[in-house]
Amino acid sequence: MKRKDMFMNEVILVEEAMGKACGLSIPPRFEALELDAVLEYLRVFRKQKISVLVKHLKEEETGTFLIETAKLVLAICKDLGEKTYQLSWNDTQDKVATDLSNSFPELFQAVNAEIEEADAYEEIRYNMNKSHTRQLKGITALLSTPQEVVEIKREIGRKSREMQYLIDNSKLSMENKEKLNKYRKTKYEESLLRINIKFEEEPVKVLYYRSGTSVSVKVKLSKTGYSYREGRGKEVRRNKGTDKAEYPLIISFSYFEDFLSGNGVANEDILVDKQSLDTFYQFGTKLSANLTPKFVEDWYNYDCPDLYRLSSNKEQGLSWIGEPLPHFCTKLVEVSWSSTYVNEGVSEEEVNKLIKGREHTGIATELTTMLKSKAMRLTGEADALEQEINEYDEKIQKVIQENSSTILEGVAKAFPERMIHFSNQPADFKINDDFGLDCGYINIRSKDDVYTEKRKMLSNVFSDVADWMSISLPLYSQSTTLNKVQFDVAAQVVRNELGIELFAHTVMD
Numbered sequence: 001m002k003r004k005d006m007f008m009n010e011v012i013l014v015e016e017a018m019g020k021a022c023g024l025s026i027p028p029r030f031e032a033l034e035l036d037a038v039l040e041y042l043r044v045f046r047k048q049k050i051s052v053l054v055k056h057l058k059e060e061e062t063g064t065f066l067i068e069t070a071k072l073v074l075a076i077c078k079d080l081g082e083k084t085y086q087l088s089w090n091d092t093q094d095k096v097a098t099d100l101s102n103s104f105p106e107l108f109q110a111v112n113a114e115i116e117e118a119d120a121y122e123e124i125r126y127n128m129n130k131s132h133t134r135q136l137k138g139i140t141a142l143l144s145t146p147q148e149v150v151e152i153k154r155e156i157g158r159k160s161r162e163m164q165y166l167i168d169n170s171k172l173s174m175e176n177k178e179k180l181n182k183y184r185k186t187k188y189e190e191s192l193l194r195i196n197i198k199f200e201e202e203p204v205k206v207l208y209y210r211s212g213t214s215v216s217v218k219v220k221l222s223k224t225g226y227s228y229r230e231g232r233g234k235e236v237r238r239n240k241g242t243d244k245a246e247y248p249l250i251i252s253f254s255y256f257e258d259f260l261s262g263n264g265v266a267n268e269d270i271l272v273d274k275q276s277l278d279t280f281y282q283f284g285t286k287l288s289a290n291l292t293p294k295f296v297e298d299w300y301n302y303d304c305p306d307l308y309r310l311s312s313n314k315e316q317g318l319s320w321i322g323e324p325l326p327h328f329c330t331k332l333v334e335v336s337w338s339s340t341y342v343n344e345g346v347s348e349e350e351v352n353k354l355i356k357g358r359e360h361t362g363i364a365t366e367l368t369t370m371l372k373s374k375a376m377r378l379t380g381e382a383d384a385l386e387q388e389i390n391e392y393d394e395k396i397q398k399v400i401q402e403n404s405s406t407i408l409e410g411v412a413k414a415f416p417e418r419m420i421h422f423s424n425q426p427a428d429f430k431i432n433d434d435f436g437l438d439c440g441y442i443n444i445r446s447k448d449d450v451y452t453e454k455r456k457m458l459s460n461v462f463s464d465v466a467d468w469m470s471i472s473l474p475l476y477s478q479s480t481t482l483n484k485v486q487f488d489v490a491a492q493v494v495r496n497e498l499g500i501e502l503f504a505h506t507v508m509d
């Protein structure tokens with residue numbers, strides 16, 4: 001940028017401000033930069049505003065504007081001291097921008113008006129695109145009657161007229177209104193064209209069926225040819241049954257989704273046969289039309305991997321992200337080393353099949369607990385159970401508080417070299433709990449089986465209730481090393497006072 005109408009000391013001032021704002025020990029050379037680059041180095045405005053400023057700044061006021069900006073930036077940097085990085089924070093930028101707006105009111109009035117116009121234009125265009133995308137999702141090969149076509153065209157026309165009204169009554173310039181209305185008409189015509197195309201197009205029909213004890217999918221594409229990925233040919237075969245005309249292909253379920261994707265089939269163009277299986281089950285690569293004894297036995301033998309229930313989408317429902325998937329997938333059971341998750345949608349029939357002959361296992365306990373929780377939610381017994389659980393925890397917490405000095409003494413004996421005393425009082429100390437990489441938490445539980453089952457039921461009813469106890473230890477620390485020792489002392493106190501056995505496990509952060 002040229003130094004026109006600026007003295008050398010003023011150029012140095014601007015360069016100093018650029019360096020301070022960016023934390024550079026050697027500031028950039030003023031003459032080597034364009035005006036927009038100088039403004040970017042000063043860190044007051046974002047790129048959108050800089051581009052508009054450059055357009056509106058008159059040549060004769062550019063030097064004055066840069067000098068004023070540099071002075072404000074240097075003043076802020078002086079106030080911030082070593083915290084110059086805060087110059088990029090919104091409140092600091094806003095202060096400088098406000099001061100400049102007061103000094104150059106006409107300039108910023110024009111700049112802000114253009115930016116507001118551009119933002120309003122982009123917002124309307126964005127909403128138009130969003131609405132158009134939703135419309136296209138609803139225009140599918142499942143359109144089957146002329147009446148459906150008439151109705152969807154009427155709805156799209158109504159939406160287009162609503163958008164036209166919004167545009168015409170906005171505060172945008174006539175030029176921008178004309179541009180948006182032209183864009184609106186283009187999108188409207190695209191929707192009408194898609195309706196005509198999709199009405200002529202046959203939907204892709206699928207039928208989920210039992211194949212032995214497993215599940216496969218019969219498919220009829222809307223085109224004659226098809227392709228499959230190299231090495232997956234054995235998972236696509238010709239249907240030789242009596243329904244081969246209706247469903248020419250049979251696809252292994254494990255390859256079904258990839259097959260559809262590879263052949264350009266959109267989810268919204270799929271019609272699921274009403275004769276399809278309602279539900280079937282999967283873990284890993286194993287599938288079963290039912291929770292058969294053999295399938296359940298295999299699930300246990302594989303150490304209980306995540307178990308899923310799959311449901312064919314016969315009613316053209318939508319997933320939680322608004323997709324009309326051909327089938328929905330629900331995780332029923334997830335078993336980890338520390339806990340077992342059971343979906344609240346699990347049925348009594350499914351539970352009975354999963355626990356038959358294994359009623360003594362921890363998984364069986366979790367499954368039956370979920371059923372009890374669901375029943376409790378319906379009968380309104382949860383509040384009474386919550387009170388009972390809280391009273392149990394509070395009883396233990398009270399004993400821990402009353403014996404806090406004993407617990408702290410036990411911790412002090414375990415770590416005498418880490419004690420930091422503040423006075424002669426025995427409890428007036430802290431412990432250096434920096435043991436290295438042992439940051440985490442300790443979860444305390446009771447060995448009382450009745451309490452444990454009730455607490456698990458409560459956590460199934462209320463998502464914010466953990467399945468470990470609401471107990472805190474006297475000395476707060478995130479050191480698992482320290483908390484293990486502290487818990488051992490507290491557990492002994494509770495055992496002596498109440499006869500309740502506690503245990504705990506730590507979780508690394």
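Just so it is clear: in the sequence shown, position 57 is 57 by my numbering, and no numbers are missing. Glycine included, C-beta positions come from ideal geometry on N, C-alpha and C. As the structure is a prediction and not an experimental result, all values here were calculated from the model.
CA nearest to the CA of residue i, picked from the options
i       : options                            : result
Lys-205 : Lys-185, Leu-408, Phe-256, Asp-438 : Phe-256
Pro-203 : Ser-252, Leu-166, Ala-266          : Ala-266
Ser-214 : Thr-292, Leu-437, Arg-377          : Thr-292
Pro-326 : Glu-123, Asp-278, Lys-198, Leu-307 : Asp-278
Gln-316 : Glu-268, Gln-164, Leu-249          : Glu-268
Glu-334 : Thr-92, Asn-263, Pro-305           : Pro-305
Ala-504 : Ile-442, Thr-480, Ser-472          : Ile-442
Phe-7   : Glu-31, Ser-25, Pro-27             : Glu-31
Leu-378 : Tyr-302, Val-461, Lys-159, Leu-80  : Val-461
Asn-290 : Ser-252, Ala-118, Val-149, Glu-350 : Glu-350
Asp-509 : Val-73, Leu-437, Ile-251           : Leu-437
Leu-271 : Leu-100, Gly-264, Leu-143          : Leu-143
Gln-147 : Ile-195, Asn-102, Glu-190          : Ile-195
Asp-434 : Glu-417, Val-11, Ala-21, Ser-103   : Glu-417
Beta-ladder partner(s) of residue i, from DSSP
i       : result
Gln-282 : Leu-287, Tyr-308
Thr-369 : Paired residues: none, contrary to the question.
Ser-252 : Ser-216
Gly-440 : Met-508
Met-419 : Ile-431
Val-411 : Beta-bridge pairing links Val-411 to no other residue.
Phe-295 : Phe-295 pairs with nothing; no bridge assigned.
Ser-261 : Per DSSP, none; premise fails for Ser-261.
Pair within 8 Å by beta-carbon distance, residue i and residue j
i       : j       : result
Ser-362 : Thr-340 : In the sequence as presented, Ser is not what sits at residue 362; that position holds Gly. Yes, the pair counts as a contact, with Cβ atoms nearer than the cut-off.
Val-342 : Glu-366 : yes
Lys-218 : Asn-239 : yes
Val-493 : Thr-406 : yes
Tyr-247 : Lys-274 : no
Phe-328 : Ser-338 : no
Thr-92  : Ile-115 : no
Asn-459 : Thr-452 : First, the residue type needs correcting, since residue 459 is Ser and not Asn in the sequence shown. No. Outside cutoff.
Thr-70  : Leu-13  : With the sequence shown as reference, residue 70 is identified as Ala, and Thr is not the correct amino acid for it. Taking 8 Å as the Cβ cut-off, Ala-70 and Leu-13 qualify as a contacting pair.
Glu-40  : Ile-26  : no
Lys-454 : Leu-502 : no
Trp-299 : Leu-307 : yes
Phe-259 : Tyr-228 : yes
Ile-396 : Pro-474 : no
Lys-153 : Leu-192 : yes
Phe-487 : Ile-444 : yes
C-alpha gap between residue i and residue j, whole angstroms
i       : j       : result
Ser-312 : Ser-216 : 12 Å
Phe-280 : Leu-287 : 7 Å
Glu-16  : Arg-29  : 10 Å
Ala-113 : Leu-42  : 23 Å
Leu-207 : Val-236 : 14 Å
Leu-166 : Glu-323 : 29 Å
Ala-510 : Ile-355 : Look at the range of the chain in this structure, 1 to 509, and you will see that residue 510 is not part of it.
Ile-67  : His-56  : 17 Å
Glu-344 : Met-370 : 7 Å
Met-128 : Arg-184 : 7 Å
Met-419 : Asn-483 : 15 Å
Val-52  : Gly-284 : 57 Å
Met-469 : Val-296 : 33 Å
Lys-179 : Asp-168 : 11 Å
Arg-232 : Thr-186 : 42 Å
Val-150 : Phe-199 : 11 Å
Lys-353 : Ser-252 : 26 Å
Residue i CB to nearest heavy atom of the ligand FAD below 7 Å
i       : result
Val-149 : Looking for the ligand FAD in the displayed structure turns up nothing, as the structure carries no ligands at all.
>> At 3 residues or longer, what runs of the beta strand (DSSP E) sit wholly inside the segment 73–122?
In response: With a minimum length of 3 residues, no continuous beta strand (DSSP E) run stays inside the segment 73–122.
>> At 4 residues or longer, what runs of the alpha helix (DSSP H) sit wholly inside the segment 20–59?
In response: Runs of the alpha helix (DSSP H) lying entirely within the segment 20–59 and spanning at least 4 residues, in chain order: 35–42, 47–56.
> Which runs of the alpha helix (DSSP H) spanning at least 4 residues fall entirely within the segment 445–493, listed in chain order?
Replying inline: 449–461
>> To test your reading of the DSSP string, which unbroken beta strand (DSSP E) runs of 3 or more residues are found completely within the segment 308–351?
In response: 327–335, 340–342
> What are the uninterrupted segments assigned as alpha helix (DSSP H) that are 4 or more residues long and contained completely in the segment 119–192, given in chain order?
Replying inline: List check, alpha helix (DSSP H) in window: 146–168.
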